[in-house]
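Numbering (my numbering), first residue to last: 105 to 495.
A virtual CB, placed ideally from N, CA and C, is assigned to each residue, including glycine.
Step one of this worksheet: look at the structure below.
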Ligand code: FES
Ligand SMILES: [Fe+2]
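Set out below in structure tokens:
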């Protein structure tokens, strides 16, 4: 890491190769055609974090995910597996599951419009009321829901809308790329709180914002109080290199004297049992392109997954995870919720400022990325490389 001479070092400096370079150009944040291209070439081809297995504990439990024009059903099936389908009935195109979260009896997906019923195990149409069996020109056998590739890793549900997509393991270089985070035992954590935010900004601004802590001292007084951005940062991407989509963003250190990354720095819960003393004094950040980041602290894990609804509108789902014991015993969790709820809202406001400014004529050619923004530059390169790939 190279550091500034004499100046205040943010995030422990930047790598040798970091340089000044242009940002995305203005239109890349607001042009509809560009957005459509990103959806086709990035979102329809990437592994996306849909949620957590514990959100659908019982057969027939489901939740839905919306991005751009697509709505998807993620459901626990009769065999216990988790499957994903486009939320589109093959009769006349109605939504099948109309709630964000719900339950379909015995895992049979029944359309609310004319009651066609599908098997969540394989998407097959089981029955179409009032259509005689054996009638010419129609057979339930030939009708199926459109399914989406689904894989589970460490309790996370990953989906990929590209039927030809390589496996999650291949795409993420699992498990090697993840090994350093195994001590957080995320497979056994449970969601203790979930919040959904709507931000009037392009999705890329949200990932860019998450990629740097240059802004932390300015807009995050609460977070900067506990993990000051000018404390040394523990970089781990020398030991575990980044992959195309997994970016190891290192660990920030607690201010000496504080115990936890929360509102007041005090400990309200035991640290996860496999952490060393050094781990407890840090919060690790992992970014997974194109759309999520995982923040691992001593006694909770916070995740954010963003979903673009339109070129200038994005939904962000935040999840706070704790050990089952913490949740069963009713231990306090508000300290962890508050720090990321407040910090996230500060981030979203800044992203909205940037969305407004980026649409100006004077931002046509974009702005300037500094060496401190080196991870923002990595994200920009990733987006441009994906867009440049042949279809
Ligand atoms: S649209 Fe679904 S049953 Fe008619
Ligand atoms: Fe921030």
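For residue 264, the uninterrupted beta strand (DSSP E) segment begins and ends at 260-264. Under the three-state reduction of DSSP, residue 412 is assigned to strand. With the rule of 3 Cβ pairs closer than 8 Å, the region 230-244 does not count as touching the region 261-281.
The Cβ atoms of residue 250 and residue 190 lie closer than 9 Å to each other.
Listed in chain order, the non-local C-beta contacts of residue 210 below 8 Å within the same chain comprise 163, 164 and 182, local neighbours out to five positions each way being set aside.
Per the coordinates, the alpha-carbon of residue 373 lies some 41 Å from the alpha-carbon of residue 460. Out of 178, 437 and 492, the CA that lies nearest to the CA of residue 297 is found in 437. Counting only runs that start and end inside the region 296-382, the beta strand (DSSP E) elements of at least 3 residues fall at 350-357. Here residue 476 is actually not in contact with residue 151; their C-beta atoms are around 29 Å apart, not less than 8 Å. The distance from the Cβ of residue 178 to that of residue 206 is about 11 Å, inconsistent with a contact at the 8 Å cut-off.
In this structure, residue 244 places its C-beta atom within 9 Å of the C-beta atom of residue 231. In chain order, 391 place their CB closer than 6 Å to the CB of residue 351, counting only its own chain and leaving out the 5 sequence neighbours on each side. For residue 480, the enclosing alpha helix (DSSP H) begins and ends at 478-492. In this structure, DSSP gives residue 205 an extended state, which the three-state scheme calls strand.
When distances are taken from the beta-carbon of residue 396 to the heavy atoms of ligand 2, even the shortest one reaches 8 Å or more.
Distance from the CA atom of residue 283 to the CA atom of residue 465, rounded to whole angstroms, is 46 Å.
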